[in-house]
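Note sheet for the following structure.
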Amino acid sequence: MEIRKPGIGAYVTATYPNKNDFLNAIRCLSEVSDFLEVGIPTNNPKYDGPVIRKTHFASELKGLDAVNVAKYGKVPTILMGYVEDYVNNLELVAKVASEAGASSVLFPDLLFEHLDKLEEYVMAMRNHSLRPTFFISSNTPHRLVNVLVRYEPLFIYLGLYAATGIKLPLYIERNIKEVRKLVDNITLIAGFAINTPEMVKLVIGAGADAVVVGTALVDKLANPMACAEFMLSLRGGLP
Amino acid sequence: MNVPHYWYNINVDLLRPLPPPIDPYEADSRIALLMRILPSELLDQEFTPLRYVPIPEEIRELYERMGRPTPFKRAYGLERVLGNGVRIYYKFEGALPAGSHKLNTAIPQVYYAIKDNAKEVVTETGAGQWGLAVSLAAALLGVKATVFMTRNSYLNKTQRVLFMRTYGADVYPSPSELTKYGREAIKARPDHPGSLGLAITEAIDFTLMGEGRKYIPGSVLGFVVLHQTVIGQEVLQQMPEEPDLVIGCVGGGSNFSGFSFPMIGARLRNEGFEKTRFLAVESKAAPKLTSGRYTYDFPDTGGLLPMVKMLTLGHDYVPPPTHAAGLRYHGAAPSLSMLVKEGVVEARAYGQEEVMEAARLFARTEGIIPAPESAHAIKAAIDEARRMPKGSVIFFNLSGHGLLDVDAYGNTR
Numbered sequence: 001m002e003i004r005k006p007g008i009g010a011y012v013t014a015t016y017p018n019k020n021d022f023l024n025a026i027r028c029l030s031e032v033s034d035f036l037e038v039g040i041p042t043n044n045p046k047y048d049g050p051v052i053r054k055t056h057f058a059s060e061l062k063g064l065d066a067v068n069v070a071k072y073g074k075v076p077t078i079l080m081g082y083v084e085d086y087v088n089n090l091e092l093v094a095k096v097a098s099e100a101g102a103s104s105v106l107f108p109d110l111l112f113e114h115l116d117k118l119e120e121y122v123m124a125m126r127n128h129s130l131r132p133t134f135f136i137s138s139n140t141p142h143r144l145v146n147v148l149v150r151y152e153p154l155f156i157y158l159g160l161y162a163a164t165g166i167k168l169p170l171y172i173e174r175n176i177k178e179v180r181k182l183v184d185n186i187t188l189i190a191g192f193a194i195n196t197p198e199m200v201k202l203v204i205g206a207g208a209d210a211v212v213v214g215t216a217l218v219d220k221l222a223n224p225m226a227c228a229e230f231m232l233s234l235r236g237g238l239p
Numbered sequence: 001m002n003v004p005h006y007w008y009n010i011n012v013d014l015l016r017p018l019p020p021p022i023d024p025y026e027a028d029s030r031i032a033l034l035m036r037i038l039p040s041e042l043l044d045q046e047f048t049p050l051r052y053v054p055i056p057e058e059i060r061e062l063y064e065r066m067g068r069p070t071p072f073k074r075a076y077g078l079e080r081v082l083g084n085g086v087r088i089y090y091k092f093e094g095a096l097p098a099g100s101h102k103l104n105t106a107i108p109q110v111y112y113a114i115k116d117n118a119k120e121v122v123t124e125t126g127a128g129q130w131g132l133a134v135s136l137a138a139a140l141l142g143v144k145a146t147v148f149m150t151r152n153s154y155l156n157k158t159q160r161v162l163f164m165r166t167y168g169a170d171v172y173p174s175p176s177e178l179t180k181y182g183r184e185a186i187k188a189r190p191d192h193p194g195s196l197g198l199a200i201t202e203a204i205d206f207t208l209m210g211e212g213r214k215y216i217p218g219s220v221l222g223f224v225v226l227h228q229t230v231i232g233q234e235v236l237q238q239m240p241e242e243p244d245l246v247i248g249c250v251g252g253g254s255n256f257s258g259f260s261f262p263m264i265g266a267r268l269r270n271e272g273f274e275k276t277r278f279l280a281v282e283s284k285a286a287p288k289l290t291s292g293r294y295t296y297d298f299p300d301t302g303g304l305l306p307m308v309k310m311l312t313l314g315h316d317y318v319p320p321p322t323h324a325a326g327l328r329y330h331g332a333a334p335s336l337s338m339l340v341k342e343g344v345v346e347a348r349a350y351g352q353e354e355v356m357e358a359a360r361l362f363a364r365t366e367g368i369i370p371a372p373e374s375a376h377a378i379k380a381a382i383d384e385a386r387r388m389p390k391g392s393v394i395f396f397n398l399s400g401h402g403l404l405d406v407d408a409y410g411n412t413r
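Chain order of the listed sequences is A and B. End of the first sequence sits at 239 in the UniProt record's numbering; the numbers just go up one at a time, nothing left out. End of the second sequence sits at 413 in the UniProt record's numbering; the numbers just go up one at a time, nothing left out.
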């Protein structure tokens with residue numbers, strides 16, 4: 001399944017704050033989002049900001065048991081986990097993702113900490129009819145980005161800041177434009193600290209194809225109505 | 001030759017992406033804290049996707065007024081004494097008025113702090129080179145400077161303290177009574193010699209204690225390395241031939257990186273320097289490149305900054321006092337650490353006596369008294385020249401003069 005362009009995705013951590021609320025949240029978010037990103041709860045969410053970290057620590061279930069509680073596929077769904085937890089189990093993660101109806105598994109630490117696993121990761125995705133997806137930052141080496149493009153990923157995800165939910169005074173418009181030049185026509189998704197329609201407009205206007213919202217959703221997850229309203233308000237930033 | 005128009009950002013040419021900074025799990029976000037203490041433009045430069053970052057015209061003019069481009073000289077006297085036909089060149093950053101390369105980043109950092117309406121810049125210093133550069137940059141640009149200087153250096157480098165005060169800075173020995181961390185350190189150990197890590201913590205804490213203050217760091221962070229590449233960018237224009245070996249000393253890594261990264265970058269892009277070896281030289285007092293672990297660690301002792309992945313001896317490491325106080329730091333810049341880890345840059349550690357002996361030989365053959373820190377590069381250049389074949393070419397960075405370090409020459413053989 002391709003990601004709709006321009007689009008907005010919602011991030012939720014699986015079984016946070018509990019299994020039922022999570023299932024309600026993804027049902028509701030599927031109605032108002034173009035795609036979902038579902039976090040695989042871990043004890044070591046090292047690139048996440050304080051808000052998302054709490055969701056990992058407080059989720060009812062941990063690891064693949066947590067993402068396994070739902071059937072995905074109404075909209076494209078990408079699992080997000082830390083490869084450090086699955087460094088010797090990439091095939092298993094891909095199998096679980098595939099059986100649950102996900103389109104890919106995104107590992108934000110793959111390129112930073114386990115570049116040697118890149119080929120193995122791509123093979124695991126393909127072996128289970130999934131597409132690879134890659135997480136990069138604004139200063140990821142240009143040649144590496146060129147290599148990623150050649151794998152024809154479902155998308156490349158650009159982390160706009162250093163951690164989820166923490167906004168820094170960076171020229172994100174320039175950063176997106178520069179990265180856009182490197183990723184060619186591959187779908188470019190941007191995320192981290194996006195919480196207003198104005199930011200959605202700026203990020204899409206700079207060249208991203210879609211955005212992901214996570215931290216700003218956390219305190220609305222228990223209330224499906226508030227969740228949906230918020231996502232709809234962000235959609236106002238789409239062209 | 002003109003002052004370069006661009007700094008060079010090696011991050012976009014590395015073999016692997018730099019792991020992002022991270023927060024510890026058990027406390028408030030250090031990454032969020034950066035916004036309160038650092039000038040915003042510097043944070044942007046830390047994460048820029050640009051390979052070449054334009055140097056603002058005001059900064060270029062100040063670089064020029066202060067003596068850039070610095071000389072790139074051939075060490076004929078030293079070559080003659082070694083007598084084996086190896087050609088040795090050095091970049092002389094001690095030609096700048098603060099006596100070291102540190103002004104290259106002090107000027108832009110103070111400039112960007114003022115753009116954020118800062119009235120005061122706060123920093124730490126080891127031997128005093130960085131503190132002196134910040135004091136001068138602050139004087140040139142018209143803001144106040146406050147410097148926390150490691151106590152051992154404060155007591156021994158009295159002339160540098162005097163120079164900083166002459167430029168108008170407030171200078172305090174660290175640990176000091178001004179901050180919580182300083183008071184705790186003194187209580188635990190009344191004769192504490194200080195460490196750069198602790199001085200950083202004090203400078204950050206002091207920044208947070210007052211309005212209109214910005215903290216500016218002397219090494220390790222990406223934007224410091226970025227600014228220092230003005231050295232290597234000049235070398236690319238000045239060098240008469242490609243080197244077989246490029247050498248620089250390492251405290252946090254800024255002068256080595258600033259000197260060598262434009263050349264290493266060219267190599268990584270397959271644009272020259274294929275035969276060149278790159279050698280980083282550190283002090284045995286703080287041997288993170290040769291003995292450290294490649295792991296996430298705090299750049300400062302108190303753990304106020306986000307953790308970065310680097311070669312480190314641990315943020316609570318207290319090195320023994322040495323005359324090369326600028327090299328007494330527990331970690332190395334993440335980009336340099338990665339290049340060492342990847343084998344692109346070699347590393348070596350030297351002891352104090354052998355380094356000071358090399359410094360004397362250089363003084364007698366070239367007429368320049370080198371800073372004890374820079375003399376580590378000289379020692380490596382001499383050792384390597386003795387074993388390289390005739391016709392080989394060495395470049396090294398003479399990152400500072402030692403005219404304010406003469407006590408080191410008096411206190412060693």
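Idealized CB from N, CA, C, for every residue including glycine.
CB contact below 8 Å: residue i versus chain A
i	result
Arg348(B)	no
Leu136(B)	no
Ile22(B)	yes
Lys254(B)	First, the residue type needs correcting, since residue 254(B) is Ser and not Lys in the sequence shown. Ser254(B) does not count as touching chain A.
Ala32(B)	yes
Met263(B)	no
Thr312(B)	no
Cβ of residue i within 8 Å of any chain E Cβ
i	result
Gly39(A)	No chain E appears in the structure shown, which is made up of the protein chains A and B.
C-beta atoms of residue i and residue j nearer than 8 Å
i	j	result
Val203(A)	Ile172(A)	yes
Leu268(B)	Lys288(B)	no
Ala58(A)	Leu79(A)	no
Glu242(B)	Glu124(B)	no
Leu43(B)	Leu33(B)	no
Asp219(A)	Pro6(A)	no
Asn11(B)	Gly272(B)	no
Ala133(B)	Ser100(B)	yes
residue 479(B)	Val308(B)	Past the boundaries of the shown model lies residue 479(B); chain B is included only from 1 to 413, so the question cannot be answered.
Ile40(A)	Ala14(A)	yes
Ser14(B)	Ser335(B)	The displayed chain sequence assigns Leu, not Ser, to residue 14(B). A contact, by the Cβ cut-off of 8 Å.
Leu130(A)	Val105(A)	yes
Gly126(B)	Ala332(B)	no
Own chain partners of residue i with C-beta closer than 6 Å, once the 5 adjacent residues on each side are dropped
i	result
Ala363(B)	Ile369
Phe396(B)	Tyr90, Ile247, Ala377, Ala381
Gly302(B)	Tyr181, Thr201
Any chain B beta carbon closer than 8 Å to residue i
i	result
Arg150(A)	no
Tyr72(A)	no
Arg53(A)	yes
Asn49(A)	Sequence check: residue 49(A) is Gly here, not Asn. Answer yes: the Cβ-Cβ gap between Gly49(A) and chain B drops below 8 Å somewhere.
Glu178(A)	yes
Ser137(A)	yes
Tyr157(A)	no
Glu120(A)	no
Phe35(A)	no
Phe134(A)	no
Pro169(A)	yes
residue 248(A)	In the structure as shown, chain A begins at 1 and stops at 239. Residue 248(A) is therefore absent and cannot be evaluated.
Asn127(A)	no
Sequence-distant residues of the same chain with beta carbon closer than 7 Å to residue i, five excluded per side
i	result
His227(B)	Trp7, Asn104, Thr105, Pro108
8 Å CB neighbourhood of residue i in its chain, flanking five on each side removed
i	result
residue 448(B)	Beyond the ends of chain B as shown, which are 1 and 413, falls residue 448(B); an answer cannot be given.
Thr143(B)	First, the residue type needs correcting, since residue 143(B) is Val and not Thr in the sequence shown. The residues are Val110, Ala113, Ile114, Ala118, Lys119, Glu120, Val121.
Leu168(A)	Tyr161, Ala162
**Item:** Sufficient close CB pairs (3 or more, under 8 Å) joining the stretch 338–346 of chain B to the stretch 358–371 of chain B
**Value:** no
**Asked** Does the stretch 60–71 of chain A come within contact of the stretch 110–129 of chain A, defined as at least 3 CB pairs closer than 8 Å?
**Response** no
**Message:** I want to know whether the stretch 384–404 of chain B touches the stretch 81–98 of chain B - three or more CB-CB distances under 8 Å.
**Reply:** yes
**Message:** Which complete alpha helix (DSSP H) runs does the stretch 175–257 of chain B hold, if anything under 4 residues is left out?
**Reply:** 180–188, 196–209, 222–238
**Message:** So, does the stretch 176–193 of chain A touch the stretch 147–167 of chain A, judging by three or more C-beta pairs under 8 Å?
**Reply:** yes
**Request:** Would you mind listing the alpha helix (DSSP H) stretches within the stretch 77–113 of chain A that are 4+ residues and don't spill past its ends, in chain order?
**Result:** 90–100, 110–113
**Message:** Under 8 Å, with one C-beta from each stretch per pair, do the stretch 70–79 of chain A and the stretch 20–32 of chain A reach the 3-pair mark?
**Reply:** yes
**Start-end ranges of the alpha helix (DSSP H) lying completely within the stretch 134–175 of chain A, minimum 4 residues** = 142–150
**the stretch 72–82 of chain B / the stretch 187–197 of chain B touching (three or more Cβ pairs under 8 Å)** = no
**Request:** Count the C-beta pairs between the stretch 248–257 of chain B and the stretch 230–237 of chain A that are closer than 8 Å, then say yes if the count reaches three, no if not.
**Result:** no
**Prompt:** Between the stretch 111–130 of chain A and the stretch 82–97 of chain A, do at least 3 Cβ pairs fall closer than 8 Å?
**Reply:** yes
**Message:** To test your reading of the DSSP string, which unbroken beta strand (DSSP E) runs of 3 or more residues are found completely within the stretch 302–390 of chain B?
**Reply:** 308–312, 345–350
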